[in-house]
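Novice:
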Amino acid sequence: MNIKTNMRPILATISRSALQHNLTVVKKNAPNSKVMAVIKANGYGHGLLNVAHALKQADGFAVLGLNEAVALREAGFEQTILLLEGVFSAQELPIVSALSISIVVHNFLQVEMLENAQLTAPISIHLKLNTGMNRLGFTPEDFFLAQKRVAASENVAGITLMTHFATADEASGIATALQLFQQTTAPILREENYPVSLANSATILCHPEAHADWVRAGIMIYGSSPVAGVSASHYGLKPVMQLSSEIISVQNLKAGDSVGYGMLFTASKPTRIGIVACGYADGYPRHAGQYPAAAGVKAVPISVCGKVSRTLGRVSMDMLFCDLTDIPEADIGSPVQLWGDIVAADDVAEACGTISYELFCAVNARVPFKVVD
Ligand SMILES: *Cc1c(COP(=O)(O)O)cnc(C)c1O
């Protein structure tokens with residue numbers, strides 16, 4: 002055995018076929034749009050290149066850092082690659098130009114950097130309108146001037162108009178923001194035949210009127226639902242990441258015994274519990290199920306031997322507790338699924354007061370990854 006081999010049983014398994022399947026779900030929902038797979042944040046924690054290689058059929062990739070875009074070009078990807086926040090410094094522009102990377106332009110500082118750059122080739126840009134998120138983008142008042150300036154710059158190759166909706170996943174919907182986008186861009190689109198990019202996963206699934214020329218699919222590519230209360234399987238999506246581990250210890254509690262730091266869980270009856278090799282240092286949320294007795298707090302689901310149980314007590318750095326009362330066959334070495342096809346990451350996230358995006362992104366570098374078909 003190699004001395005560096007680590008036999009700790011935790012593992013993140015990434016399914017290539019699930020990624021490919023989910024891409025077809027995007028295409029089925031938005032058949033007339035080009036698909037940009039959003040693989041920022043290391044492919045939402047799934048591994049940038051793991052995801053990109055499985056999604057060769059995507060028309061483009063969206064990332065955040067220039068380093069990610071360069072890694073994709075170096076790996077041989079030739080499709081559109083978009084930097085979702087554009088450049089942070091003018092020094093990045095010559096590399097962006099040389100590698101044919103597209104950039105979001107969302108403020109006048111970036112317009113100025115573009116105008117003043119000495120480039121070998123012009124750059125394709127996505128000009129971003131702020132339609133109410135108030136995060137990135139020009140105000141409707143500034144948008145026309147921004148468009149005039151970038152259109153006049155020799156350093157700009159092609160222009161796509163874009164926005165990002167704040168409430169595509171909410172009951173309030175996108176009508177007001179979409180109308181603002183259409184009103185603001187109508188005078189420009191009467192003159193110019195610019196492509197338009199509006200839709201994240203929630204918009205793809207809930208608002209076909211806003212699919213436009215490009216869609217930007219993120220979380221649905223990874224098999225989670227962008228809409229609270231609606232399961233991913235309802236949309237025909239398949240989970241891509243399975244986070245698995247094993248039981249490494251079993252304890253038999255008597256009534257009145259407690260578990261873990263702070264003794265947050267106390268058994269009311271004899272209870273058999275399992276200790277799982279997964280903790281917050283692996284990325285499992287520490288606040289998961291801290292107060293299972295409190296009103297309104299859901300038990301956090303966890304699967305042991307293929308059956309669904311619940312976590313107990315406080316998550317430690319390297320371990321967590323689960324209830325084995327109804328799984329008598331479980332013992333040391335039994336398989337545990339933290340999330341995946343048996344326990345949806347969305348359900349774990351909901352019970353933890355977060356979203357599966359955060360769970361995936363938080364999986365720590367010490368967790369080994371394995372890509373399977
Ligand atoms: C992250 C991001 C997306 C993808 O959002 P999902 O909800 O994961 O589909 C799309 N567009 C922009 C601008 C983003 O930042």
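Converting from the sequence shown to the working numbering requires adding 1 to each position, the first position being numbered 1. Each residue gets a CB set at the ideal place from its N, CA and C atoms; glycine is no exception.
Tell me, please, which residues DSSP counts as bridged to N68.
Specialist: Paired residue(s): none; N68 is not in a bridge.
Novice: When you measure from the CB of G219 to every non-hydrogen atom of ligand 1, does any distance come out below 7 Å?
Specialist: Result yes, Cβ under 7 Å from ligand 1.
Novice: On the three-state DSSP scale, how would you describe M37?
Specialist: Strand.
Novice: Apart from the five residues just before and just after L339, which ones in its own chain have a Cβ nearer than 6 Å to its Cβ?
Specialist: Taken in chain order, the residues that qualify are L244 and C279.
Novice: Taking 7 Å as the line, does the beta carbon of N108 fall inside it for any heavy atom of ligand 1?
Specialist: No, since every heavy atom of ligand 1 falls outside the 7 Å radius drawn around the Cβ of N108.
Novice: Between N201 and ligand 1, is there a pair consisting of the residue's CB and a ligand heavy atom that are separated by less than 7 Å?
Specialist: Result yes, Cβ under 7 Å from ligand 1.
Novice: From Q184 to D214, what distance separates their C-alpha atoms?
Specialist: Cα to Cα, Q184 sits roughly 17 Å from D214.
Novice: Can you give me the C-alpha to C-alpha distance between T140 and A99, rounded to a whole angstrom?
Specialist: Taking the straight line joining both Cα atoms gives about 30 Å.
Novice: Does DSSP classify G263 as helix, strand or coil?
Specialist: The answer is helix: DSSP assigns G263 an H, G or I state.
Novice: First and last residue of the beta strand (DSSP E) that includes R273?
Specialist: Here the beta strand (DSSP E) through R273 covers T272 to V277.
Novice: What does the alpha-carbon distance come out to for the pair P293 and S18?
Specialist: Only weak support is given to the placement of P293: the predicted model assigns it a pLDDT of 49, under 50, and the question is left unresolved by the model.
Novice: Buried or exposed: N30, going by 16 or more other Cβ atoms within 10 Å of its Cβ?
Specialist: Flag for N30 reads buried.
Novice: With three or more C-beta pairs closer than 8 Å as the rule, is the region 195-205 touching the region 216-229?
Specialist: Segments in contact, yes.
Novice: Which residues in the same chain as I328 place their Cβ atom closer than 7 Å to its Cβ, once the five residues preceding and following it in sequence are excluded?
Specialist: V305, C306, K308 and S310, listed in sequence order.
Novice: Heavy atom of ligand 1 less than 7 Å from the Cβ of P227, yes or no?
Specialist: Yes, the beta carbon of P227 sits closer than 7 Å to at least one heavy atom of ligand 1.
Novice: CB-CB under 6 Å to R150, same chain, minus the five flanking residues each way: which ones, in chain order?
Specialist: Excluding positions up to five away in sequence, the list reads V112.
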